[in-house]
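Inspection log for the structure reproduced underneath, given as structure tokens.
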Amino acid sequence: MANGESIVGADAPAGGFVQLLTPDGERVDSVTTADGITYSVDFTDDEYRELYRDLVTVRRLDAEATALQRQGELGIWASLLGQEAAQVGSGRAMRPQDMAFPTYREHGVLYTRGIDPIMPFGLFRGVDQGGWDANEHRFNGYTIVIGSQTLHATGYAMGVTMDGKTGGPDGEAVIAYFGDGATSQGEVNEAFVWAGVFHAPMVFFCQNNQYAISEPLERQTRIPLYRRAAGYGFPGVRIDGNDVLASFAVTRAALDNARNGQGPTLIEAYTYRMGAHTSSDDPTRYRIASEVESWKAKDPISRLRAFLAKQQVADESFFDEVDETAKTLALSLRERVLEMPDPQPISMFDNVYPHGSPELDAQRAQFAEYHASFEGSDH
Amino acid sequence: MSRIKEFNLPDLGEGLTEGEILSWLVKVGDTIELNQPIVEVETAKAAVEIPAKWAGVVSRIFVEAGTTVEVGAPIVAIDTDPSAGPLPSDLPGPVPSAESLAAVEIAPAEGAVEPGLIGGPAPGGRTAVLVGYGPKVTTAKRRPRVGTPSGSAVVVPPPPVVPPAPVAPPTPVARTGGPVLAKPPVRKLARDLGLDLATIAGTGPLGSVTRDDVQKAAAGAPQAAPIAPAVTTAAVFDASREQRIPVKGVRKLTAENMVASAFTAPHVTEFLTVDVTRTMKAIEKLKGRREFRDVRISPLLLVAKAVLLAVGRHPMVNSSWSAATNEIVVKEYVNLGIAAATERGLIVPNVKDAGRLSLRELAEALNTLVQVAKSGKTPPFDMAGGTLSITNVGVFGVDTGTPILPPGESAILAFGAIRPMPWVHKEKIKIRQVTTLGLSFDHRIIDGELGSKFLRDIGDFLTDPEGALLAWI
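Quick mapping for you: the protein sequence lines, in order, are chains A and B. Residue 1 is where the first sequence starts when you use UniProt numbering, and the numbers rise one by one after that. Residue 1 is where the second sequence starts when you use UniProt numbering, and the numbers rise one by one after that.
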């Protein structure tokens, strides 16, 4: 493998991408892009093993969530199957002070931020509004509306600059997640304009999983998505989204650029959604089986496993232990999801105004009285 | 009791009310693990496998494959603690509770609108809306109010703050020019039925045309009182000797399309019997050529080619009637439909832009189309947008038919069986390969002259393909 001279990785789409770990589990020492930037990673054996553990764990938790939906315990689930490397690599590339703006599929990023994976399940089970303290977790709420979080992220990043929190290694950076379909939204293009013009300290992380629900990539763009960035005046780079090392290396570099005051970067993680768009979708209606099969050969976990085994960094007992631990975590998650309490009807008044209002209080009192008029009522 | 757990069919996709059990992956007595796939269910959105919610032993399957089940109805019971020994003998097995069984209800026999379509009745007494199924229009089950006599289910609504304005019954409102108001699905319905919205009196808000209005207009004059049956019900009507097949899936769609087409487009059918001996010889010649070495060549291929070439000479036959815009839309592309009998019923997938394909490409496209159709996996894209169709009734050994136009198309050719028949050939009676073509066309667009010329050209090509080719280029 020629190192340090070519951006073209194994199985790369036309135009190439940054790849540090091939689908066969071969390490590429470093990759230098046409912009003259060299990407590489320098992990200890422990760090490699923990990346593997992350990938397996987020996949296992995702599988449990999919099963829970099929069993009627979740209203809907958006599976991340196939996109683990893009999410784990970029998630682990963030520093503690960084802020993430996810879509509704970033369960892997959430996990690598050290957040309890149960956090979004209230939303999917329909027992809460999916509201959590974004500042506490450095992780904004799951955003369902396609692309709108990129504008939130850009505004937030501009605020970071105004607070004087950029310009050094301790600076704060922002990462906004979105998909290939979102690039056709006005919000995303507006965010590109604002971030470019105001030099916002942020990374636009696009997981190009090839389909906007059923609409294929060729209906979104005439050019590779990462090249759009040039038109907005900031760099764009494409990575092998199924390569956790490339995802880590490029995101880490882009975030560090941002925190040092070097402005935004667009990263296009070229990947594939192995499952349905959500549990309400049937991908066999718009994808052919051979395409899915070809992506199976590029699986993000099997390539890291092959690498770890070849390098004798890990053995079967380690892999078994990781699987077993992930399963235990998944079953514990299942139990906790099943125990989530249903919300009380009265709670609908709770998050309307921060300090209530006389009108709202009156409505709440009337509603409580009405409910108390039933036999066996808790109120 | 808690040892046996019933699994109820969940809502698998945001507002679905029912699903069809496609197949069971386990049987009674099987030991299953948590999350092991146990059943395949098809909903309006997708066919999915459902993983077991509990580990244990399958103690009962309530619903056989092929049955459509209401969401919330029990489909399987699982013994979650089989090691605890046999169940008490007085409990032969779990029986679904009366309440859960009540949820399994038979869909209404008929309705103003197709059940499940927007605006139509949905199972469970709901009204279908664009997403999900909207509120149930039934009295909600409620806990009794404190102080009300038990058994009385009177729900006293809280006194309204403002008395509601009296609601007048809907009456047709005369429109005063301007565009006709109607919701998009109603517009589509009217278009599908070939009705001009401007001619329909609207009874909806602001004089808008409702689904009911369109259906009433489609049904013609107001319904006359039903005529009393002349014969009293007698033993000859023996229900036990009748088989009732639920109308659903492809059969339902077929029926809708046939009715929509038959009562919208006035059909005419013409017939032509032709000697296709030379076509059969041409097929043999093609089979011997290197280019066609590994592709199946059938008479249908040359019939399709004949149709495509004849369309080139008479483009008007490849058109559709647009009642909404009062236009005839003549298409320069031919999406050639091929009616296919499948296990799930009749479908008409089409070869997109078939006129641009070489003979070899057309052969491959037809083969793929038919194979995919037989396997039941034709994607919706393949069935949409047909412009002209062929139905190969010959494969069933009949001579011809009067096919009904697929909605939106103006012509369909029935291609009958090819038989050796006595035929006058070169002034002598010979045994020749003969078939009958039947062409149905939409008489609003295609006059007898045009239809006849088109059919005659197809016949000429099949009588002498090489000669016709040379003459037409």
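Here a beta-carbon is modelled for each residue, glycine too, at the ideal position from N, C-alpha and C.
Give every residue of the same chain whose Cβ lies closer than 7 Å to the Cβ of residue i, excluding the five residues on either side of it in the sequence, and list them in chain order.
| i | result |
| --- | --- |
| Thr271(A) | Gly82, Gln83, Ala86, Gln207, Asn208, Asn209, Gly241, Asn242 |
| Ala362(A) | none |
| Leu55(A) | Glu84, Ala85, Val88, Val244, Pro300, Ile301, Leu304 |
| Pro94(B) | Low confidence applies to Pro94(B): its pLDDT is 47, below 50, so where it sits in the model is not reliable, and the reading given next is rough at best. The residues are Ile4, Glu6, Ser59, Arg60, Ala77. |
| Asp62(A) | Ser79, Leu80, Leu81, His107 |
| Leu366(B) | Leu300, Leu301, Ala304, Ile338, Val351 |
| Asp282(A) | Ala276 |
| Gln223(B) | Only weak support exists for where Gln223(B) lies, its pLDDT of 39 falling under 50; the value from the coordinates is given anyway. So the list is empty, once near-sequence residues are dropped. |
Enumerate in chain order the residues of its own chain whose CB-to-CB distance from residue i is below 8 Å, with the five nearest sequence positions on each side excluded.
| i | result |
| --- | --- |
| residue 388(A) | Here chain A has residues from 1 to 379 only, and residue 388(A) is not among them. |
| Phe101(A) | Asn140, Thr143, Gln149, Thr150, His152, Ala153, Tyr156, Val174, Ile175, Ala176, Tyr177 |
| Ser23(B) | Val39, Glu40, Ala65 |
| Arg60(A) | Asp323, Ala326, Lys327, Leu329, Ala330 |
On the three-state DSSP scale, how would you describe residue i?
| i | result |
| --- | --- |
| Ile404(B) | coil |
| Ser320(B) | strand |
| Asp11(A) | coil |
| Leu272(B) | strand |
| Ser347(A) | helix |
| Glu375(A) | coil |
| Ser389(B) | strand |
| His355(A) | coil |
| His267(B) | strand |
| Trp194(A) | helix |
| Val18(A) | strand |
| Pro18(B) | The sequence given here places Glu at residue 18(B); Pro does not occur at that position. Strand, per DSSP. |
| Lys296(A) | helix |
| Gln185(A) | coil |
| Trp24(B) | strand |
Do we get a CB-CB distance below 9 Å when we pair residue i with the residues of chain A?
| i | result |
| --- | --- |
| Val48(B) | yes |
| Asp399(B) | no |
| Lys5(B) | no |
| Gly66(B) | no |
| Glu14(B) | yes |
| Asn35(B) | yes |
| Pro422(B) | no |
| Lys374(B) | no |
| Asn326(B) | no |
Going by Cα to Cα distance, which pick from the options is closest to residue i?
| i | options | result |
| --- | --- | --- |
| Glu343(B) | Leu336(B), Glu361(B), Asn318(B), Lys377(B) | Lys377(B) |
| Thr166(A) | Gln129(A), Gln344(A), Ala258(A), Ser184(A) | Ala258(A) |
| Gly13(B) | Thr31(B), Ile4(B), Leu34(B), Val48(B) | Val48(B) |
| Glu321(A) | Arg49(A), Asp256(A), Phe198(A) | Arg49(A) |
| Leu308(B) | Leu357(B), Val295(B), Ala260(B) | Leu357(B) |
| Tyr156(A) | Glu218(A), Glu369(A), Ala134(A), Pro169(A) | Ala134(A) |
| Leu34(B) | Gly16(A), Pro23(A), Arg70(A) | Arg70(A) |
| Thr112(A) | Phe248(A), Phe367(A), Ala229(A) | Phe248(A) |
| Leu16(B) | Thr279(B), Val69(B), Lys27(B) | Val69(B) |
| Ile32(B) | Thr43(B), Lys45(B), Pro51(B), Glu18(B) | Pro51(B) |
| Asp382(B) | Leu369(B), Thr264(B), Pro422(B), Ile200(B) | Leu369(B) |
Are the Cβ atoms of residue i and residue j separated by less than 9 Å?
| i | j | result |
| --- | --- | --- |
| Tyr211(A) | Leu266(A) | no |
| Tyr286(A) | Pro216(A) | yes |
| Thr436(B) | Leu272(B) | yes |
| Ser298(B) | Ser410(B) | no |
| Glu20(B) | Val41(B) | yes |
| Leu308(A) | Thr57(A) | no |
| Leu462(B) | Leu302(B) | yes |
| Asp24(A) | Ala306(A) | yes |
| Leu74(A) | Arg125(A) | yes |
| Thr251(A) | Ser90(A) | yes |
Could you tell me whether any Cβ in chain B is nearer than 9 Å to the Cβ of residue i?
| i | result |
| --- | --- |
| Ala67(A) | yes |
| Leu225(A) | no |
| Gln71(A) | yes |
| Ile76(A) | yes |
| Tyr104(A) | no |
| Glu291(A) | no |
| Tyr286(A) | yes |
| Ser247(A) | no |
Who are the Cβ neighbours of residue i in its own chain at under 6 Å, not counting the five residues just before and after it?
| i | result |
| --- | --- |
| residue 407(A) | A query on residue 407(A) cannot be resolved here, the shown segment of chain A reaching from 1 to 379 and no further. |
| His137(A) | Ile115 |
With 9 Å as the threshold, decide whether the Cβ of residue i is near any Cβ in chain C.
| i | result |
| --- | --- |
| Lys27(B) | No chain C appears in this structure, whose protein chains are A and B. |
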